[in-house]
Structure formats: structure tokens, C-alpha cells
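Novice:
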Amino acid sequence: MSSKTTELSRDPSISSAMAHRGLLIQSTVLLAINHSYESTGCDKSDEKCHLMYGTIREAQAKVTGSMPVEVRETTKGMMCDFASLKRRCGLLSVEKVVVLGLVLVNGSVDQCARIAMHIMPTVTELQFYACYQVSPVMFELECYDLAGIRWPAKVVTDNEANRCIEASFPELRSGSRGFDRSRHRQVTHRLLHGIDVICEYLKKDHVSDAVLEQVSLLVSEIQKGPTPDIELALAEKEADLQTLDILCSQWESVEILNRVLP
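Using UniProt numbering, read the sequence shown as starting at 1 and increasing by one per residue.
(1) Straight-line CA distance for C131 to C112?
(2) Could you say if the region 113-125 and the region 21-28 meet the contact criterion of at least three C-beta pairs nearer than 8 Å?
(3) Does the structure place the region 93-106 close enough to the region 48-64 that three or more beta carbon pairs sit under 8 Å?
(4) Return the residue from the list I256, G77, V260 and Q60 that minimises the CA-CA distance to residue 301.
(5) Since L85 contacts I119 with CB under 8 Å, what's their CB separation in whole angstroms?
(6) From the DSSP output, read off the bridge partner residues of V71.
(7) In three-state terms, what does DSSP make of H206?
(8) According to the Cβ coordinates, are N106 and V71 closer than 8 Å?
(9) Could you tell me whether the Cβ atoms of M52 and G101 are closer together than 8 Å?
(10) Does DSSP classify G148 as helix, strand or coil?
(11) Exposed or buried, which one is T188 when buried takes at least 16 other CB atoms within 10 Å?
(12) Could you tell me which residues DSSP pairs with S66 in its beta bridges?
(13) Residue range of the beta strand (DSSP E) that A130 falls in?
(14) In whole angstroms, give me the CA-to-CA distance for C164 and W151.
(15) Just curious, the alpha helix (DSSP H) that A59 is in, first and last residue?
(16) Closest to L31 by CA distance: which of V156, T75, F128 and G54 is it?
(17) If you run the structure through DSSP and keep just helix, strand and coil, what is V123?
(18) What does a CB cutoff of less than 7 Å around Y129 pick up in its chain, not counting 5 residues either side in sequence?
(19) In three-state terms, what does DSSP make of A161?
(20) Are there 16 or more other CB atoms within 10 angstroms of the CB of residue 330, so buried, or fewer, so exposed?
(21) Is S45 helix, strand or coil by DSSP?
(22) Within its chain, find whatever has a CB closer than 6 Å to the CB of M79; leave out the 5 residues flanking it on each side and keep chain order.
(23) State the beta-bridge partners of C143 as determined by DSSP.
(24) Under the assumption that S249 contacts F139 (Cβ atoms under 8 Å), give the Cβ distance between them as a whole number of angstroms.
(25) For K237, which residues of its own chain have a beta-carbon under 8 Å away from its beta-carbon, when the five flanking residues on both sides are left out?
(26) Which one or two residues does DSSP pair with Q26 in a beta bridge?
(27) Is G194 helix, strand or coil when you go by DSSP?
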């Protein structure tokens, strides 16, 4: 991507300390963006904007969520539903979080800067803008503050879910040693029961958005592409199967010849 940026009116509340410490982004936020593309059938080259929200504590900005916004740059100019944008930003105050930045997915830095400038009168809390390329395995952002200064952005994994699982299933803790078949069956039974409860809940008329978000993220994790080590192992197994197929074919040929020839 181009490193050339458009300078915006910098918010005086942004301290040099915040710019130095950069941005923390929970990995689940980017997983949700990935899933939104997969679930809506968007082409991976389609451009789409998301507002990122979260908290600022001790000059450290942390992104904990995002929401798509209908704003894009066209040949006829900027297209944006400002009334809807203002209403959606207002709802964030209920969650005790604030708008932190704008992310343009599959776009350029210059495009993102122009869009940020366009919505700043409505989204006055805006602190940064960034670009992100949809990827199931690589979470890389190019992030700038409103003066066009590059911010370091670090994607972090939220371990809260892992802590909850470990509290409910001590058998799954990383420190557990050995394999207990009986205990494994108990854990499997409890997990399957939990999945059944979730499935029944999703059939109800009024479903919590928080539950839907967590289920969506779970599906995203399951659908993530294989890592290089898994791909290598699969390739090796495919090669073994192909070799076995060749040997079987040769054996069948020999058997046929033995029956036909005297």
C-alpha cells in the first residue's frame, strides 16, 4: 500500500504518548470482519468500511469491537447515510465504549484518509484511520493518526474465553498431562450438551446480539484456513494415498494377468 496520507484536522486530545504506544486490537474483531465477508458473499476485493470502537486507558487505545458503516467513495463523490451513522455511534455510549477509528477493508490509505475526513464532522471521536486486507490467517493493519503519522498496531488474542473454558473444564488446561478416556468422555458430553442448549436458544424469536456475535466468532474460528504445518501434513498424506493407489492398481493388474495367462 502507498504510505502517502492525507493530513486531517488532528484532535488535540490525542497525546504523543498514545501515538507512541499505538493501538491494540483484539483478534476477534478482525475475525468478525473476515466472517462478515464470508457470510454476505462479498468478493475479497470489495471495499467496505467499519468503525472500530473500544476504550482508552492510560494513553493506550484498545479496539474491542467494530461495526460496518455504509460509506464509500464513488466516481460521483462520497456516499454516506449520516443519520444512520450518527444513530449507530450514539448506541455505543450504552456499552461504555467510544469510537476510536475507521478501517477501510481492501482499500488504500489515501482512500481511507479521504473517507475519514468526510465523516469527521459526524464522528467527532475519531482518533485514527487504517487499512486492512481480508485474510483468515494474517492480521495486518496499516494505521495512521489524524495527522497522518503512522501508528504501531498490535493484534492481541483475548484470553477471557480460554480462561472461562479452563474454569469449566480443568481437564483441558495446558498443564494437564496424560489422556484420561473417562474424563475425556465427560468433557465431550458436557460440550455437546452446551452446543445443544445454544442451538435451542437460537431457535427462539428474540436472540441476544451478544450471543449471535459469539456464535459467529466461533464459526469463524472453525472455518479458518489450515496453518502451513497442517497443509504440509495433508500434502504428505495425499502423496501416501496416491502411492497406495498406484500399488493397488499394479497389484490388480498382476492378478488379472495371472488369471488370464496360463
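By construction, the Cβ of each residue, glycine as well, lies at the ideal position given by its N, Cα and C atoms.
Specialist: In short, the structure shows the following:
(1) Locating residue 131 in the sequence shown gives position 131, counting from the first residue. Locating residue 112 in the sequence shown gives position 112, counting from the first residue. So the two alpha carbons sit approximately 7 Å from each other.
(2) no
(3) yes
(4) This structure cannot settle anything about residue 301, because the visible part of the chain is limited to 1 through 262.
(5) Within the sequence shown, the letter at position 85 stands for residue 85. Within the sequence shown, the letter at position 119 stands for residue 119. Correct: roughly 7 Å between the Cβ atoms.
(6) The residue given as residue 71 occupies position 71 in the sequence shown. DSSP, once it has assigned bridges, lists C80 as partnering V71.
(7) Residue numbering aside, residue 206 sits at position 206 when the sequence shown is read from its first letter. H206: coil per DSSP, three-state reduction.
(8) What you label residue 106 is simply residue 106 of the sequence shown in a count that begins at 1. What you label residue 71 is simply residue 71 of the sequence shown in a count that begins at 1. Against a cut-off of 8 Å, the Cβ pair of V71 and N106 comes out as no contact.
(9) On the sequence shown, residue 52 is found 52 positions in, with the first residue counted as 1. On the sequence shown, residue 101 is found 101 positions in, with the first residue counted as 1. Their beta carbons are under 8 Å apart, which means M52 touches G101 by this criterion.
(10) Counting from 1 along the sequence shown, the entry for residue 148 is found at position 148. Three-state DSSP puts G148 in coil, outside helix and strand.
(11) One-based indexing of the sequence shown puts residue 188 at position 188. T188 should be labelled exposed.
(12) Locating residue 66 in the sequence shown gives position 66, where the first residue counts as 1. Answer by DSSP bridge pairing, in chain order: M52.
(13) Position 130 of the sequence shown, counting from 1, holds the residue named residue 130. Residues F128 to Y132.
(14) As a working note, residue 164 is residue 164 in the sequence shown. As a working note, residue 151 is residue 151 in the sequence shown. Confidence in C164 is poor, its pLDDT being 47 and thus under 50, which makes the residue's placement too unreliable to answer from.
(15) Within the sequence shown, the letter at position 59 stands for residue 59. No alpha helix (DSSP H) holds A59; DSSP gives it neither H nor E.
(16) In the sequence shown, the residue the question calls residue 31 occupies position 31. For L31, the nearest C-alpha among the options comes from V156.
(17) Against the sequence shown, residue 123 aligns to sequence position 123. V123 falls in the coil class under three-state DSSP.
(18) Sequence index remark: in the sequence shown, residue 129 carries index 129 (1-based). So the qualifying residues of the chain are G101, L102, C112, A113, A116 and Y144.
(19) Here the question's residue 161 lines up with position 161 in the sequence shown. Per-residue confidence for A161 stands at a pLDDT of 45, beneath the threshold of 50, marking its modelled position as unreliable; the derived number appears in the next sentence. Reduced to three states, the DSSP call for A161 is helix.
(20) Absent from the model: residue 330. The displayed extent of the chain is 1 to 262, so no value can be given.
(21) For the purposes of this step, residue 45 is taken as residue 45 along the sequence shown, with counting starting at 1. In this prediction, S45 has a pLDDT of 49, which is less than 50 and means its spatial position is unreliable; what the coordinates show is noted afterwards. Here S45 sits in coil by DSSP.
(22) Along the sequence shown, read from residue 1 onward, the residue named residue 79 stands at position 79. Excluding positions up to five away in sequence, the list reads R72.
(23) Here residue 143 refers to the residue found at position 143 of the sequence shown. Note: C143 sits in a beta bridge opposite A130 and W151.
(24) Locating residue 249 in the sequence shown gives position 249, counting from the first residue. Locating residue 139 in the sequence shown gives position 139, counting from the first residue. Not confirmed; about 45 Å, so no contact.
(25) Translated into the one-based positions of the sequence shown, residue 237 becomes position 237. None.
(26) Within the sequence shown, residue 26 is the residue found at index 26, counting from 1. Beta-bridge pairing links Q26 to V156.
(27) The residue labelled residue 194 in the question sits at position 194 within the sequence shown. In this structure, G194 counts as helix in the three-state DSSP scheme.
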